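First up is the structure itself, then whatever we jot down about it.
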Amino acid sequence: MHRIGRGLFGDVWLATLHNSTEEFDEFHEVAVKMMPLIADDRVRVLLAKFEGLFQAAQGLKRVSWPQGISTKNGKACIIMKFYEGSLGDKIAKLPGNALPVKDAVRYGVDLVRGIMELHSCGVLALNLKPCNYLLDDNDTAILGEFGIPLLFFESSVTKSEPVPWMGTPNYMAPEQWDPALRGPLSFETDAWGFACSMVEMISGVKPWANRTASEIFEAVVIKGEKPSLPAGLPPGLQRILRSCFEYDYRRRPTFGQILRAFLSPDELFQEGDWICVRDKPGGTCTKVGIVKAVIGPDSLYIQVCDKLGEPVQISGAERLALWKDKFRTGERVRLKAFVTTPRFGWAGAPNGNHEKEGIVVDLNDQDGIVFLTFKGSKEVWKADPVEVERVSGGLVAGDWVFLKSGWAVDSNAAAAGQRTSRIGVVHHVDGDGKVQVAFLGRECLWTGSPAEFEKAVPLSVGQFIRLRNDVVSPRFQWPVKERGWDMGRIKKVLPNGGLMVDFPGRFWNRNGWWADAEEVELVRIQEIEGIVQKYHHIESMHWAIRPVVSLLGFLIVARTGVVVVKLMAQPFQRKHGKKEEASRKIEATPVTDITHAVTKETNSSGNPPWLPTQVATLIFGGENSGNPGGR
Numbered sequence: 000m001h002r003i004g005r006g007l008f009g010d011v012w013l014a015t016l017h018n019s020t021e022e023f024d025e026f027h028e029v030a031v032k033m034m035p036l037i038a039d040d041r042v043r044v045l046l047a048k049f050e051g052l053f054q055a056a057q058g059l060k061r062v063s064w065p066q067g068i069s070t071k072n073g074k075a076c077i078i079m080k081f082y083e084g085s086l087g088d089k090i091a092k093l094p095g096n097a098l099p100v101k102d103a104v105r106y107g108v109d110l111v112r113g114i115m116e117l118h119s120c121g122v123l124a125l126n127l128k129p130c131n132y133l134l135d136d137n138d139t140a141i142l143g144e145f146g147i148p149l150l151f152f153e154s155s156v157t158k159s160e161p162v163p164w165m166g167t168p169n170y171m172a173p174e175q176w177d178p179a180l181r182g183p184l185s186f187e188t189d190a191w192g193f194a195c196s197m198v199e200m201i202s203g204v205k206p207w208a209n210r211t212a213s214e215i216f217e218a219v220v221i222k223g224e225k226p227s228l229p230a231g232l233p234p235g236l237q238r239i240l241r242s243c244f245e246y247d248y249r250r251r252p253t254f255g256q257i258l259r260a261f262l263s264p265d266e267l268f269q270e271g272d273w274i275c276v277r278d279k280p281g282g283t284c285t286k287v288g289i290v291k292a293v294i295g296p297d298s299l300y301i302q303v304c305d306k307l308g309e310p311v312q313i314s315g316a317e318r319l320a321l322w323k324d325k326f327r328t329g330e331r332v333r334l335k336a337f338v339t340t341p342r343f344g345w346a347g348a349p350n351g352n353h354e355k356e357g358i359v360v361d362l363n364d365q366d367g368i369v370f371l372t373f374k375g376s377k378e379v380w381k382a383d384p385v386e387v388e389r390v391s392g393g394l395v396a397g398d399w400v401f402l403k404s405g406w407a408v409d410s411n412a413a414a415a416g417q418r419t420s421r422i423g424v425v426h427h428v429d430g431d432g433k434v435q436v437a438f439l440g441r442e443c444l445w446t447g448s449p450a451e452f453e454k455a456v457p458l459s460v461g462q463f464i465r466l467r468n469d470v471v472s473p474r475f476q477w478p479v480k481e482r483g484w485d486m487g488r489i490k491k492v493l494p495n496g497g498l499m500v501d502f503p504g505r506f507w508n509r510n511g512w513w514a515d516a517e518e519v520e521l522v523r524i525q526e527i528e529g530i531v532q533k534y535h536h537i538e539s540m541h542w543a544i545r546p547v548v549s550l551l552g553f554l555i556v557a558r559t560g561v562v563v564v565k566l567m568a569q570p571f572q573r574k575h576g577k578k579e580e581a582s583r584k585i586e587a588t589p590v591t592d593i594t595h596a597v598t599k600e601t602n603s604s605g606n607p608p609w610l611p612t613q614v615a616t617l618i619f620g621g622e623n624s625g626n627p628g629g630r
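Residue numbers are given in numbering that gives the first Met the number 0: position 123 of the sequence shown equals residue 122, and the series is strictly consecutive.
Here it is in structure tokens:
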């Protein structure tokens with residue numbers, strides 16, 4: 000054996016596989032991926048998980064499926080078919096380390112089809128990069144590795160050191176960094192890694208090159224930065240790669256949409272496409288229509304159901320996207336809660352009942368109308384696609400749910416001592432009635448029946464929360480005040496229901512806090528009893544409230560003190576005023592004896608006496624006395 004590759008999840012060795020029978024001996028060159036040393040008590044768990052992965056990947060044409068697994072010196076060894084080279088090897092030998100766009104698109108089609116095969120088995124790739132894209136004898140790209148990061152991550156830590164990441168940092172989506180906290184992982188997670196590898200093959204530059212893992216984490220997860228796309232890409236290819244880098248995986252395209260873009264890289268849309276029109280780039284879908292004509296790369300004629308027979312021109316490619324969740328016949332839907340008056344009225348539908356479920360019986364590909372029937376009614380109801388949503392057991396995508404007691408989310412996770420929240424968010428309603436739910440503490444979406452859940456109170460950005468009084472040991476650290484748990488404000492809600500919280504009432508250490516929705520309660524000022532308690536709530540809204548209130552109180556006290564002093568001084572001011580009036584009367588009396596007048600005035604008042612100018616000059620003297628000779 001000799002080593003032919005090295006990676007985060009183990010080394011790859013070239014080995015010889017010997018099969019011996021009574022009639023002949025066979026020797027085949029194989030590739031052996033030797034994983035890091037596994038803790039003894041986790042080897043059995045790893046082998047059991049790999050067995051399921053092994054069974055799922057059997058027979059896939061565009062995937063290098065495992066031929067077996069064994070252990071050697073405490074290390075798990077995965078045996079796979081040996082291929083002479085990879086796309087990583089090929090681009091390393093080319094000028095600029097880059098493929099022509101035409102060749103990159105051809106290989107991209109092969110890879111997307113392989114990923115779709117893998118997803119059809121319920122398996123995620125997660126470690127998509129050029130070195131893991133193998134080339135067969137026909138120069139066809141083959142997926143050389145799949146599912147290993149998740150398999151290894153779920154099997155706990157190694158003896159040497161824990162596996163820090165769910166993939167290779169340069170190609171990881173935001174949710175791959177600590178998926179139990181920032182997840183869940185989904186099929187759209189692979190779209191990010193695939194797009195990163197395509198950018199590298201076309202540009203010759205690895206995403207986030209020359210950056211450490213911590214710097215990549217800061218850029219991708221904290222700042223929300225995206226890899227740069229190379230210039231000169233066909234419009235369809237550029238658009239699909241850009242959409243693969245959406246921060247929220249729910250806004251990324253499916254691999255079916257990616258395949259279509261790679262098959263027709265010069266086209267954004269085609270006639271007959273169902274598309275959604277957003278109110279603004281990155282906004283919500285306000286209209287669903289059918290493409291009738293493509294005028295240019297940035298303009299379409301589409302037919303929407305509010306203007307039947309009158310296609311409208313829509314410009315601005317950033318506002319347009321393929322409709323990701325097109326309804327299918329037989330699916331259950333209901334009217335969205337915000338719709339007060341349906342576009343086609345209530346005829347044939349339960350008037351005002353948004354909880355009533357209907358069944359899709361047809362989709363009109365000419366006018367963009369959905370036809371429904373409701374239980375107990377024979378009439379067919381016409382609906383605008385944007386006004387209805389999939390439903391199962393009263394649950395729709397976006398609902399907050401509580402896992403009923405007695406249901407185990409993941410027995411393996413429970414055995415490993417991992418905590419999984421029982422409050423989650425519904426992400427998708429399948430056509431068979433199952434719902435996919437994301438939970439904080441769980442890496443992947445969990446599929447279950449609506450009967451296993453009950454609705455929970457939804458939480459949103461800007462609401463004030465605090466830990467419940469019965470929570471003694473919270474999942475995350477939480478600040479304490481003299482009257483109990485401090486109150487914080489929801490800054491961000493993650494797709495799995497995890498809460499990022501800040502504390503605006505704190506001057507320092509106010510950001511970077513987390514909370515489990517199962518452990519918190521909403522705080523509303525209208526529900527708080529008592530003036531003091533209401534003030535405490537207001538105080539928690541901003542750190543400046545307490546000093547401002549203190550300053551206002553000081554100013555009020557100071558002002559009140561001045562008023563009191565003035566009021567207390569008024570009686571004395573009246574007596575003093577009478578004495579001044581007497582003085583004025585004395586001053587107005589004709590003076591015949593100057594000395595007597597001065598003595599009398601001085602005795603009657605504490606103020607200096609008034610004297611005529613000439614008299615004052617004679618008595619006290621001055622610079623300009625009446626006698627120029629003067630001394």
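Every residue, glycine too, gets a C-beta built ideally from N, C-alpha and C.
This structure is a prediction, so every number in the text was calculated from the model and none was measured.
Using beta-carbon positions only, say whether residue i and residue j come within less than 8 Å of one another.
i, j, result
"residue 244", "residue 226", "yes"
"residue 333", "residue 388", "yes"
"residue 114", "residue 103", "no"
"residue 368", "residue 304", "yes"
"residue 381", "residue 343", "yes"
"residue 77", "residue 16", "no"
"residue 544", "residue 533", "no"
"residue 430", "residue 329", "yes"
"residue 101", "residue 30", "no"
"residue 127", "residue 196", "yes"
"residue 301", "residue 200", "no"
"residue 436", "residue 459", "no"
"residue 276", "residue 232", "no"
"residue 247", "residue 321", "no"
"residue 659", "residue 49", "One cannot answer for residue 659 here, as it falls past the ends of the chain, which runs 0 to 630."
"residue 497", "residue 93", "no"
Taking DSSP as the reference, what is the three-state secondary structure of residue i?
i, result
"residue 269", "coil"
"residue 208", "coil"
"residue 336", "coil"
"residue 72", "coil"
"residue 235", "helix"
"residue 243", "helix"
"residue 458", "coil"
"residue 172", "coil"
"residue 450", "helix"
"residue 537", "helix"
"residue 415", "With a pLDDT of 43 at residue 415, under the threshold of 50, the modelled position of this residue cannot be trusted, and the question is left open."
"residue 522", "coil"
"residue 189", "helix"
"residue 197", "helix"
"residue 373", "strand"
"residue 30", "strand"
"residue 60", "coil"
"residue 471", "coil"
Identify the continuous beta strand (DSSP E) that holds residue i and give its terminal residues.
i, result
"residue 401", "399-402"
"residue 119", "No beta strand (DSSP E) holds residue 119; the alpha helix (DSSP H) holding it covers 100-119."
"residue 366", "No beta strand (DSSP E) holds residue 366; DSSP gives it neither H nor E."
"residue 447", "445-447"
"residue 499", "498-501"
"residue 299", "298-303"
Kindly give me the distance between the Cβ atoms of residue i and residue j, rounded to whole angstroms, as I take these residues to be in contact under 8 Å.
i, j, result
"residue 504", "residue 539", "4 Å"
"residue 717", "residue 111", "Since the displayed the chain opens at 0 and closes at 630, residue 717 lies outside it and no answer follows."
"residue 517", "residue 464", "At roughly 12 Å, the Cβ-Cβ gap does not stay under 8 Å, so residue 517 and residue 464 are not in contact."
"residue 468", "residue 183", "The pair is not a contact, with the Cβ atoms about 30 Å apart (cut-off 8 Å)."
"residue 331", "residue 390", "5 Å"
"residue 317", "residue 280", "4 Å"
For the alpha helix (DSSP H) containing residue i, name the first residue and the last one.
i, result
"residue 89", "86-91"
"residue 330", "Run containing residue 330: none; DSSP gives neither H nor E here."
"residue 256", "254-262"
Legend entry - Meets three-Cβ-pair contact criterion under 8 Å: the region 178-193 and the region 249-263: With the cut-off at 8 Å, the region 178-193 and the region 249-263 touch.
Inset, instruction - Flag this pair as touching only if the region 133-152 and the region 67-85 have three or more C-beta atom pairs under 8 Å; answer yes or no. - result: yes
Legend entry - Stretch pair the region 443-460 + the region 389-405: three plus CB contacts closer than 8 Å: Touching, yes, given that three or more Cβ pairs across the two stretches are closer than 8 Å.
Inset, instruction - Tell me, please, whether the region 286-297 touches the region 259-271 by the rule of three or more beta-carbon pairs shorter than 8 Å. - result: With the cut-off at 8 Å, the region 286-297 and the region 259-271 touch.
Inset, instruction - Examine the Cβ distances between the region 548-560 and the region 491-509 and report whether three or more of them are shorter than 8 Å. - result: no
Legend entry - Cβ contact (3+ pairs, closer than 8 Å) linking the region 169-179 and the region 52-69: Under the Cβ criterion (8 Å, minimum of three pairs), the region 169-179 does not count as touching the region 52-69.
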